[in-house]
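Colleague: So the sequence shown is numbered by our numbering: it starts at 119 and just counts up by one.
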Amino acid sequence: MPVSDELIVSGGGSYSIATDEMLSSAGELQRAADMTRDIAGSIQMVDDRLTVEQMESWGIPAGAALVEGDLDCVYVDLHTIAQRAEELSGLIRLAAQRYGWTEAFTEAAMREVSADAAALLGFLFPVWAAAFLLTNPVLPIVAGIAVGAYLRGGPSKPPLSPEQLSTALNALISDPAFVLALRHGVMSVDEFLAGAAGLPPHVVSALSAAGLIGLGTSAGLIQKAGGLGGVLEETPVKQVSKTTPAPVAAPQSSTERVNRIPQPDAEHPEQIRIESYELPGGDLHFEVYVAGTQDFAFSGSDQPWDFTSNVSNAAGSDAGSVAAVHSAMQDAGITAESSVGFTGYSQGAATAARIAASGEYNTTGVFTIGGPTGQIPLPNDVPAVFVEHTDDLVVASGGLQDNKNVLVVERQAFGERSLPEGEDVPAHQLSEYAETARLMDESDSTEIQNATNSMAEQSRGATTATVTSYEYVRVQP
């Protein structure tokens, strides 16, 4: 199987990490064991009811009575086969569990070392030196020359063109090793800032271990600093349009969920899609779909799905996109008691996770793709599937994934394929996540099937179903 088609499944309340093929094989072996035991049980039932005396009374030759002994042998052999199949299934799952333990231990160790190193570096570096590094225009130029020389392979070659530099940069940020390093780097920013503020490293380590500082802390500081300069400031939002309710069928697969995520354009600018299902008995279930980032502006944008909302989501503050979804849900008649599922992409994934994490709604499922959700703590009782690409820079910007009860499905989008020309962060493209969703639908992994079926179950049997989409804008002061 090509690397880019391989799914890695982890989480779901377990430390297990395995490919979907491994989990599929384990499931097939367990099913084979169960079927073999059923066959053995049927043979045992026949054997119990069939005696030598009965066969002789029916005029069956005495030699045929030996079949009872053969049935006993078959019964024993089938049970042996079932036991071996079950043992093999268990060994596969045990191997996945042990690999997961090793990964978890390694990640925790790397996390602690990088955090301590960042705290020490920040403490030893005077604040003015850090400011110098961030503001001196000479350093980026020198760094650029150095990178360019490295990419060229030596000073004798001509400089790279802008297109070549862009291609090289795209290759760098699409490297899974770089993406993983960024995850750890993002997690250490707060320790560096705390150290640079003068806190001793051992104090910073204690604060970090206690969860008193983290990605949200540094994002919050960045937002406050931006506010002093008139950027990254949140504003109220308002609804400017919504579509007429239209009939809709319930999503039955991961692919259908991904295809329903809004992709705003000039003709259809709506960022939110809400489906309403009336179930037998009159109960309602809702599915909320949230679009990704639409504008990377730091200020002055009318678009709530902008960079300011990205920072607000990371900081855990009230993002414009979160406020818009809250408003649309209220308009759709969703209350704290309503059954509701969330699906989101990119910023929409973080927005969906933030709303589900708030505990304000009766969340029955969360399905996200390409979202910076690692440091958004979902309640353990909320069923969730996070789909992430190991070569997606946007996912890494959310830090390490700390939601251990969430089923995480990973894939390297460009494992054995060349990166497309002229496309930034290609592994983050919605089309690539649609391909991952297709692979999930085709997977025999029990874990993936159970998770997706659980979410689809919420709307099955609906007597009526409608969809309404919403557009929101910021209200500038």
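Note that the Cβ used here is the ideal one computed from N, Cα and C, for glycine as well.
Is Gln341 close to the ligand SAM? I mean its beta-carbon at under 7 angstroms from any heavy atom of the ligand.
Modeller: Looking for the ligand SAM in the displayed structure turns up nothing, as the structure carries no ligands at all.
Colleague: In this structure, how does DSSP classify Ala580 when only helix, strand and coil are distinguished?
Modeller: In the sequence shown, counting from the first residue as 1, residue 580 sits at position 462. Coil.
Colleague: Quick check: Ile487 and Val591, are their CB atoms within less than 8 angstroms of each other?
Modeller: Position 369 of the sequence shown holds residue 487. Position 473 of the sequence shown holds residue 591. The answer is no: Cβ separation not under 8 angstroms.
Colleague: Going by C-alpha distance, which of Pro595, Ala574, Arg301 is nearest Glu405?
Modeller: Position 287 of the sequence shown, counted from the start, is the residue given in the question as residue 405. Closest by alpha carbon: Ala574.
Colleague: Rounding to the nearest angstrom, what Cα-Cα distance links Val513 and Arg301 in this structure?
Modeller: On the sequence shown, residue 513 is found 395 positions in, with the first residue counted as 1. On the sequence shown, residue 301 is found 183 positions in, with the first residue counted as 1. Rounded to the nearest angstrom, the two C-alpha atoms are 8 angstroms apart.
Colleague: According to DSSP, is Pro319 part of a helix, a strand, or is it coil?
Modeller: As a working mapping, residue 319 is identified with position 201 in the sequence shown. Pro319: helix per DSSP, three-state reduction.
Colleague: Have a look at Glu388, Arg535, Ala337 and flag the residue whose alpha-carbon is nearest the alpha-carbon of Gly466.
Modeller: As a working note, residue 466 is residue 348 in the sequence shown. Closest option to Gly466, Cα to Cα, is Glu388.
Colleague: Quick check: the segment 573-589 against the segment 413-431, are there 3 or more CB pairs under 8 angstroms?
Modeller: Because the criterion of three Cβ pairs below 8 angstroms is not met, the segment 573-589 and the segment 413-431 do not touch.
Colleague: Hey, is the segment 455-462 in contact with the segment 422-429, meaning 3+ C-beta pairs nearer than 8 angstroms?
Modeller: no
Colleague: With a Cβ-Cβ cutoff of 8 angstroms, do Tyr395 and Tyr463 count as a contact?
Modeller: Counting from one through the sequence shown, the residue named residue 395 turns up at place 277. Counting from one through the sequence shown, the residue named residue 463 turns up at place 345. Cβ atoms of Tyr395 and Tyr463: not closer than 8 angstroms.
Colleague: Do Pro380 and Ala583 have their beta-carbon atoms positioned less than 8 angstroms apart in this structure?
Modeller: Position 465 of the sequence shown, counted from the first residue, corresponds to residue 583. Position 262 of the sequence shown, counted from the first residue, corresponds to residue 380. No.
Colleague: Does the distance from the CB of Gly433 to the CB of Ala286 come in under 8 angstroms?
Modeller: As a first step, residue 433 is located in the sequence shown; it is residue number 315 there, counting from the start. As a first step, residue 286 is located in the sequence shown; it is residue number 168 there, counting from the start. According to the sequence as given, residue 433 is Ala; it is not Gly. Contact flag unset, no.
Colleague: Kindly provide the ranges of any beta strand (DSSP E) runs that are 3 or more residues long and lie completely inside the segment 469-509, ordered along the chain.
Modeller: If only uninterrupted beta strand (DSSP E) runs of at least 3 residues are considered, those enclosed by the segment 469-509 are 480-487, 502-507.
Colleague: Using a Cβ-Cβ cut-off of 6 angstroms (strictly less than) and excluding sequence neighbours within five positions of Glu506, which residues of its own chain qualify?
Modeller: Locating residue 506 in the sequence shown gives position 388, where the first residue counts as 1. Hits under 6 angstroms: Val513, Glu528.
Colleague: Please go through the same chain and pick out, in chain order, the residues whose beta-carbon is closer than 8 angstroms to the beta-carbon of Gln519, but skip the five residues on each side of it.
Modeller: Along the sequence shown, one-based indexing puts residue 519 at 401. So the list reads Gly129, Thr491, Gly492, Phe504, Glu506, Val526, once near-sequence residues are dropped.
Colleague: Look at the Cβ atom of Ile473, then the Cβ atom of Val440, and state whether they are nearer than 8 angstroms.
Modeller: Counted from its first residue, the sequence shown places residue 473 at position 355. Counted from its first residue, the sequence shown places residue 440 at position 322. Yes; because the gap between Cβ atoms is below 8 angstroms, this pair is in contact.
Colleague: Hey, quick one: how far does the beta strand (DSSP E) through Val355 stretch, first residue to last?
Modeller: Within the sequence shown, numbered from 1, the residue matching residue 355 stands at position 237. Element bounds for Val355: 355-360.
Colleague: Identify, in the order they occur along the chain, each residue of the same chain with its Cβ nearer than 6 angstroms to the Cβ of Pro363, setting aside the five sequence neighbours on each side.
Modeller: Here residue 363 refers to the residue found at position 245 of the sequence shown. Only Thr584, Thr586 meet the Cβ criterion.
Colleague: Within the continuous alpha helix (DSSP H) that includes Arg375, where are the two ends?
Modeller: By one-based count along the sequence shown, residue 375 stands at place 257. First-last of the alpha helix (DSSP H) with Arg375: 372-377.
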